[in-house]
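Below you'll find the structure, written out as structure tokens, and then a few comments.
There are 2 protein chains.
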Amino acid sequence: MSNSPKAEGRGACGLFADLYELTMLSAYDSFHMGETATFSLFVRELPDCRNFLLACGLDDLLDELESFHFQSDDVAYLRSLGMFPESLFDELHSFRFTGDVFALAEGTPFFPHEPILEVTAPIGQAQIVETLVVNQISLQTILASKAARVVAAAAGRPVVDFGARRAQGLDAALKGARAFAIAGVTGTSLLAAGARYYGIPVTGTMAHSFVQAFDDELEAFAAFAKLYPRTVLLVDTYDTLQGVRNAIELARRIGEDCRLTGVRLDSGDLGALSRTARSILDQAGLQRLKIVASGGLNETRIDALIKAGAPIDIFGVGTDMSVSADAPCLDIAYKLTEFAGSGRMKLSTRKRTMPGRKQVFRRTAGGLAIGDVVARRDERCEGVPLLEPAMASGRRVEARARISDLRDHSSAMIAALPPRLRALEAAERPYPVTVSDRLRADADALAARLGCARSKSE
Amino acid sequence: MSNSPKAEGRGACGLFADLYELTMLSAYDSFHMGETATFSLFVRELPDCRNFLLACGLDDLLDELESFHFQSDDVAYLRSLGMFPESLFDELHSFRFTGDVFALAEGTPFFPHEPILEVTAPIGQAQIVETLVVNQISLQTILASKAARVVAAAAGRPVVDFGARRAQGLDAALKGARAFAIAGVTGTSLLAAGARYYGIPVTGTMAHSFVQAFDDELEAFAAFAKLYPRTVLLVDTYDTLQGVRNAIELARRIGEDCRLTGVRLDSGDLGALSRTARSILDQAGLQRLKIVASGGLNETRIDALIKAGAPIDIFGVGTDMSVSADAPCLDIAYKLTEFAGSGRMKLSTRKRTMPGRKQVFRRTAGGLAIGDVVARRDERCEGVPLLEPAMASGRRVEARARISDLRDHSSAMIAALPPRLRALEAAERPYPVTVSDRLRADADALAARLGCARSKSE
Chain A
2 MSNSPKAEGR GACGLFADLY ELTMLSAYDS FHMGETATFS LFVRELPDCR NFLLACGLDD
62 LLDELESFHF QSDDVAYLRS LGMFPESLFD ELHSFRFTGD VFALAEGTPF FPHEPILEVT
122 APIGQAQIVE TLVVNQISLQ TILASKAARV VAAAAGRPVV DFGARRAQGL DAALKGARAF
182 AIAGVTGTSL LAAGARYYGI PVTGTMAHSF VQAFDDELEA FAAFAKLYPR TVLLVDTYDT
242 LQGVRNAIEL ARRIGEDCRL TGVRLDSGDL GALSRTARSI LDQAGLQRLK IVASGGLNET
302 RIDALIKAGA PIDIFGVGTD MSVSADAPCL DIAYKLTEFA GSGRMKLSTR KRTMPGRKQV
362 FRRTAGGLAI GDVVARRDER CEGVPLLEPA MASGRRVEAR ARISDLRDHS SAMIAALPPR
422 LRALEAAERP YPVTVSDRLR ADADALAARL GCARSKSE
Chain B
2 MSNSPKAEGR GACGLFADLY ELTMLSAYDS FHMGETATFS LFVRELPDCR NFLLACGLDD
62 LLDELESFHF QSDDVAYLRS LGMFPESLFD ELHSFRFTGD VFALAEGTPF FPHEPILEVT
122 APIGQAQIVE TLVVNQISLQ TILASKAARV VAAAAGRPVV DFGARRAQGL DAALKGARAF
182 AIAGVTGTSL LAAGARYYGI PVTGTMAHSF VQAFDDELEA FAAFAKLYPR TVLLVDTYDT
242 LQGVRNAIEL ARRIGEDCRL TGVRLDSGDL GALSRTARSI LDQAGLQRLK IVASGGLNET
302 RIDALIKAGA PIDIFGVGTD MSVSADAPCL DIAYKLTEFA GSGRMKLSTR KRTMPGRKQV
362 FRRTAGGLAI GDVVARRDER CEGVPLLEPA MASGRRVEAR ARISDLRDHS SAMIAALPPR
422 LRALEAAERP YPVTVSDRLR ADADALAARL GCARSKSE
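Heads up: the protein sequence lines correspond to chains A and B, in order.
Residue numbers for the first sequence follow the working numbering, beginning at 2 and rising by one.
Residue numbers for the second sequence follow the working numbering, beginning at 2 and rising by one.
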């Protein structure tokens, strides 16, 4: 255990790349195109049901980039494709990523067309990490952005992550727990996440199977509480309110030493059941027992429960949060914006990009963000610059951040958004993001030149 | 390379488990409850936009179960929680999964309340693999079920997987490529999937960045084709139809030796652009060049393009398929159904389960499935039994299946579904799944007994 746990680097091999990254790398080699390129990662538009996105995943990505390499098996596989020259395999055996990364701090809210990160490296290197960069940043960004809504809906009551089993795979479950924690979720059920990401408390109660394995629910509760005196009892295996009464009976039997901490409701009408459960617990003098609710929860349902006054103390959230069910993907892209010292851009329909290396400045008034400007990186605009150096020459600039520090940053940055963006409903007016005059002039000049270049080739 | 590639076992450690699995394991130990349990994995209901689900992920899960273990670091982490007795850690150091798995073959369509797989093992073992089992089977099942729709929409034209970058994490990208291949997708862009799952062809063209790195699109095309003569040229970086004309100009320059295979459209109105592109290619005598389309495709858009007669030969599908965007999660559960020789069930609201070990029989008429019966495993009903032994005493029963065999199985099983279920639209009448008389009698008797047990404890 340490404050900066080492990434296990699962899957972080050079073959986590699309075939075309390799064909292009090999082509750049063949044409001696080793010049420096900058690629920019950005989202083209917000999902309908998001007012902002929360940048997340950088620390894990930096670990992956530091350990990015090709094993002998990987090279043997590539050779078996019969597409590449031997010189490529020699290069891959000793391949390391030696580039620079400039990025938003994790937990920073951002908007379409703002760079989340920019990679600057010899073009082949910057190209070959594309699949990894896009996959890893979009994963944690999607999940953190969802969790921020769930946490907002819970209005200060703790939210815990029960979603590992419903996440899309092992990597998503593990890194999801991290993304959720950064967005303000207070614990996770997943042991691997507690172990790997030091600082995420693990939490859990009991499953229905434990109750079912005994002849009688009360007997199961008594056995579990003997070993785990501070447990929360799962009361809905057979009949929720009878389960609550069994919890009360157990507390009565234990007497003064009773340290039970709560009951968990996992099915049925959570609003009505929580009210009745609260009432009969209170009547039994068990005011200190908390009510944990789980089962099909998301930000909309939590918001409705809280607005209806449901006396739920802790929300266990799984499925919907674990895959960001209402917005499971992002229109995210990693595009070449500079090569060999000059700006590059795409002019494709609705997919036009901005050239060069960039920075984002966020202006505030009265402690609230009022607008962002996307500018050239060498400009100095009004407001706070949001992107900062994260990796230089293939090495991270700082040690891994503590999850608690990232959570504090995230919380402060979200609190500084205009209230309409923090609401669960779609904001009527989007957040204003503009492009600086100098960057726009660069883009216009380049578009004109590219238009010209195209005409020449006709 | 071999026909049964070894799983890399990424993340397949004992800590890929929710905390409560460990608390329960330790409790079962403490109370000397080592008896055999059976847990059943099933889906409670279909997503609205699915007429069936395709079972997938078993072979990878079996690898994970065979290698399931706790490393010293894992045990040290668990000790640091201060919740468990030393005796548990001794057990975990040598922990292996020694149970049996009985499951649907991968590529078998299934319906709610049918067991996808059942695990039979000493209760602590069967319990502790819950998080892993649910996560891994639901991942590939969700993705294969989506891909089956995309493949159906493409009506025989090849579909290739371009989704690695948009998948939710590394594990989802890799195993997604496998699930897609089993559902009938013909290739993947992800090198790791080609390497790991021998038999999935890797495919790819070029990215916009390659075009942008040259001063002129035609020059970029010429360079790429020199190295990869059979390439598909990406034509939409600046202006799609001008890109097509540049491809034609390149073919003219190469002359008789031209082996270019196609052009790829990645933005704009794919229907209109494909028609115009086809027309100008044909006029240039390049009838043999194929048109590949990508960019925001899913089954609905592919179906509309094909119905409108778009001359697209190959569909590259990413984002929506890679996360199953319209149904990214399943209401899937792993429930105790037997312990110490007697049936167990949950009576929770809308979450009632069926007791005991089970089998599913599929009846057919005229080559089409007409209904399934969920029965006791020791029954013999009309129809073909769908679950079969997959693991015995912790070892897989058969070597990993070849992807191509699983694809053939999947294709035949889907073809045998009633046409209304194979359609993209929601079937008006669901597929009939009934419960055998004997299984229902078991359930009713047990529910009555449990109701009785509950009353006793009041």
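Using N, Cα and C, we set each Cβ at its ideal position, and we do this for glycine too.
Check whether the stretch 106-124 of chain B and the stretch 28-48 of chain B touch, using three or more Cβ-Cβ pairs below 8 Å as the test.
With a cut-off of 8 Å, the stretch 28-48 of chain B and the stretch 106-124 of chain B count as touching, because enough Cβ pairs lie within range.
Taking ALA376 of chain B as part of the beta strand (DSSP E), name the residues at either end of that continuous run.
Here the beta strand (DSSP E) through ALA376 of chain B covers 369-377.
Rounded to whole angstroms, what's the CA-CA distance from THR206 of chain B to ARG358 of chain B? Just pull it up for me.
Going by the C-alpha atoms only, they are around 49 Å apart.
Between LEU440 of chain A and PHE17 of chain B, which are expected to be in contact by the criterion C-beta below 8 Å, what is the C-beta distance as a whole number of angstroms?
The pair is not a contact, with the Cβ atoms about 45 Å apart (cut-off 8 Å).
Go ahead and pull the three-state DSSP assignment for THR189 of chain B.
If DSSP states are grouped into helix, strand and coil, THR189 of chain B belongs with the strands.
How about CYS330 of chain A: is its C-beta nearer than 9 Å to some C-beta of chain B?
Chain B contact via Cβ: present.
Check each residue of the stretch 213-236 of chain A: if its Cβ is closer than 7 Å to any Cβ of chain B, include it; give the result in chain order.
Cβ contacts with chain B: GLN213, ALA214, ASP216, ASP217, GLU218, LEU219, ALA224, PHE225, LEU228 and TYR229.
Report back the beta-carbon spacing between PHE98 of chain A and VAL130 of chain A to the nearest angstrom; my notes put them in contact at under 8 Å.
Right, their Cβ atoms sit about 6 Å apart.
Tell me whether PRO433 of chain B is buried or exposed, calling it buried when 16 or more other Cβ atoms sit within 10 Å of its Cβ.
Label assigned to PRO433 of chain B: exposed.
Are any of the Cβ atoms in chain E nearer than 9 Å to that of THR320 of chain B?
No chain E appears in this structure, whose protein chains are A and B.
Is there a C-beta anywhere in chain B that falls below 9 Å from the one on LYS147 of chain A?
False, the Cβ-Cβ gap to chain B never drops below 9 Å.
State the CB to CB distance for the pair LEU337 of chain A and GLN213 of chain B, rounded to an integer number of angstroms; the pair is presumed to be in contact (CB under 8 Å).
About 5 Å; that satisfies the 8 Å criterion.
Buried or exposed for LEU369 of chain B, please, with buried defined as at least 16 other CB atoms from any protein chain shown within 10 angstroms of its CB.
LEU369 of chain B should be labelled exposed.
Which one of A:LEU425, A:HIS33, A:CYS57 and A:ARG353 has the shortest CA to CA distance from ALA153 of chain A?
Looking at the Cα atoms, A:LEU425 is the closest of the given residues.
Can you check the stretch 186-241 of chain B for any alpha helix (DSSP H) of at least 4 residues that lies completely inside it and give the ranges in chain order?
The stretch 186-241 of chain B contains these whole alpha helix (DSSP H) runs: 192-197, 209-213 and 218-228.
From B:ALA155, B:PRO123 and B:LEU175, pick the residue whose C-alpha is nearest to that of ALA309 of chain B; which is it?
Comparing Cα-Cα distances from ALA309 of chain B to each of B:ALA155, B:PRO123 and B:LEU175, the minimum goes to B:ALA155.
Under 9 Å between the Cβ atoms of ASP60 of chain B and ALA413 of chain B?
It is not a contact, given that the beta carbons lie outside the stated cut-off.
Is GLY177 of chain A helix, strand or coil when you go by DSSP?
DSSP places GLY177 of chain A in helix when its eight states are reduced to three.
Suppose you measure from the CA of LEU133 of chain A to the CA of VAL318 of chain A; what does that come to, to the nearest Å?
Using only the alpha carbons, I get a separation of about 28 Å.
Going by DSSP, name the residue or residues bridged to GLU389 of chain B.
Answer by DSSP bridge pairing, in chain order: B:ALA104.
Of all Cβ atoms in chain B, is any one closer than 9 Å to the Cβ of LEU287 of chain A?
For LEU287 of chain A, the answer is no, since every Cβ of chain B falls outside 9 Å of its Cβ.
Within 9 Å (strictly less), CB to CB, does ALA366 of chain A reach chain B?
ALA366 of chain A does not count as touching chain B.
Kindly list, in the order they appear in chain A, the residues whose Cβ is closer than 9 Å to that of VAL135 of chain B.
Going along chain A in sequence order, the residues near VAL135 of chain B (Cβ under 9 Å) are ALA165, ARG166 and ARG167.
Using the rule of at least 16 other Cβ atoms within 10 Å of the residue's Cβ for burial, across every protein chain shown, is ALA311 of chain A buried or exposed?
Under this definition ALA311 of chain A is a buried residue.
Taking LEU89 of chain A as the reference, which of A:ASP267, A:MET25, A:LEU266 and A:ALA391 has the closest Cα?
Measuring from the Cα of LEU89 of chain A, the nearest candidate turns out to be A:MET25.
Which same chain residues, not among the five before or five after PRO86 of chain B, have their C-beta less than 6 Å away from its C-beta?
Nothing listed; no residue qualifies.
Using a Cβ cut-off of 8 Å, pull out every chain A residue sitting near CYS14 of chain B, in sequence order please.
Neighbours of CYS14 of chain B on chain A, chain order: ALA193.
At 8 Å on the CB atoms, spell out the chain B contacts of ASP379 of chain A, in chain order.
Near ASP379 of chain A there are no residues of chain B at all, since even the closest Cβ is about 21 Å away, more than 8 Å.
For ILE209 of chain B, go through chain A and note every residue whose CB falls closer than 8 Å to its CB, in chain order.
This sequence places His at residue 209 of chain B; Ile is not what is there. Chain A residues near HIS209 of chain B: LYS336, LEU337, LYS347 and SER349.
For ASP258 of chain B, count neighbouring C-beta atoms within 10 Å of its own C-beta (all shown protein chains included) and say buried if the count is 16 or more, exposed if not.
Result: exposed.
Between GLY452 of chain B and chain A, is there a C-beta pair that is closer than 9 Å?
With 9 Å as the cut-off, GLY452 of chain B counts as an interface residue toward chain A.
Return the chain-ordered ranges of every alpha helix (DSSP H) run that is complete within the stretch 122-165 of chain B and spans a minimum of 4 residues.
Counting only runs of 4 or more, we get 124-129 and 131-154.
Measuring only from the beta carbon, is GLU67 of chain B closer than 8 Å to any heavy atom that is part of the ligand SAH?
Absent from the structure shown: the ligand SAH. Ligands present: none.
Please specify which runs of the beta strand (DSSP E), each continuous and at least 3 residues long, are wholly inside the stretch 16-66 of chain A, giving them in chain order.
37-44, all fully within the stretch 16-66 of chain A.
Does the distance from the CB of SER323 of chain B to the CB of ARG167 of chain B come in under 9 Å?
Taking 9 Å as the Cβ cut-off, SER323 of chain B and ARG167 of chain B qualify as a contacting pair.
Residues in the stretch 20-39 of chain A with C-beta within 9 Å of chain B's C-beta atoms, listed in sequence order?
So the close ones are LEU20, TYR21, GLU22, LEU23, THR24, MET25, SER27, ALA28, TYR29, SER31, PHE32, MET34, GLU36 and ALA38.
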